[in-house]
Amino acid sequence: MKVEFINPFLSAMLNVMSTMAQMELIAEKPKLKKNDIAQGDVSGLIGMVSPETKGSLSITFDTPLALATMKGMVGEAPNEVNEEIIDLVGEITNMVTGGAKRLLSEKGFEFDMATPVVVSGKNHTIHHKSKGPIVIISLKGDAGRAYIEFSFDD
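Below is the structure:
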């Protein structure tokens, strides 16, 4: 996995959360993930393809952080994960991927992106679109955690 792919996604995620939801998240050390089970409760997954590689990104939110993110963005939030929260996670996945795509294109990497798919529920699974290793980074915030995962073909 190329580290130059990870940093643009991480930077875009921190930027989206800070500017759109007025929330600061702190990234922890990247780790290799060994299974398909999501760490949180709601995940947005998006596939990406370039002439050099293909892969995917997922962003997973703990329920309290997802609800707080919506409250930070629109001023109110439901009490549980519902269609609005699922739409929000899909939109955040789009914004993060779009931001990262711009940063990557500045480095000469061009990607086409699919439409995000959002999955929710305890212990749901995330199936990445590549055969490469899965790198996961936990992001800690006052209201809970988000997890960003990347997997690209080597």
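Following the numbering used here, the numbering of the sequence shown begins with 754 at its first residue and continues without gaps. Note that CB positions come from ideal geometry on N, CA and C, so glycine has one too. The structure displayed is predicted, hence computed values, not measured ones.
Straight-line gap, residue i to residue j (C-alpha atoms, nearest Å)
i: residue 881; j: residue 759; result: 15 Å
i: residue 802; j: residue 860; result: 16 Å
i: residue 792; j: residue 897; result: 12 Å
i: residue 831; j: residue 842; result: 14 Å
i: residue 852; j: residue 788; result: 27 Å
i: residue 777; j: residue 784; result: 21 Å
i: residue 869; j: residue 808; result: 13 Å
i: residue 799; j: residue 905; result: 12 Å
i: residue 773; j: residue 886; result: 30 Å
i: residue 781; j: residue 892; result: 6 Å
i: residue 855; j: residue 829; result: 30 Å
i: residue 796; j: residue 850; result: 14 Å
i: residue 823; j: residue 866; result: 24 Å
i: residue 836; j: residue 763; result: 26 Å
For residue i: DSSP bridge partner residues
i: residue 799; result: 810
i: residue 853; result: In DSSP, residue 853 forms no bridge with anything.
i: residue 878; result: 790
i: residue 904; result: 809 and 887
Among the options, nearest to residue i - alpha-carbon criterion
i: residue 811; options: 888, 757 and 834; result: 888
i: residue 821; options: 764, 775, 805 and 874; result: 775
i: residue 816; options: 857, 884, 894 and 906; result: 894
i: residue 786; options: 890, 862, 823 and 906; result: 890
i: residue 877; options: 790, 883, 819 and 769; result: 790
Assumed close pair residue i, residue j - CB separation to whole angstroms, cut-off 8 Å
i: residue 902; j: residue 879; result: 7 Å
i: residue 834; j: residue 794; result: 6 Å
i: residue 899; j: residue 813; result: 7 Å
Local Cβ density within 10 Å of residue i, reported as buried at 16 or more and exposed below that
i: residue 761; result: buried
i: residue 871; result: buried
i: residue 846; result: buried
i: residue 827; result: exposed
i: residue 910; result: As displayed, the chain neither begins before 754 nor continues past 907, which places residue 910 out of reach and without an answer.
i: residue 858; result: exposed
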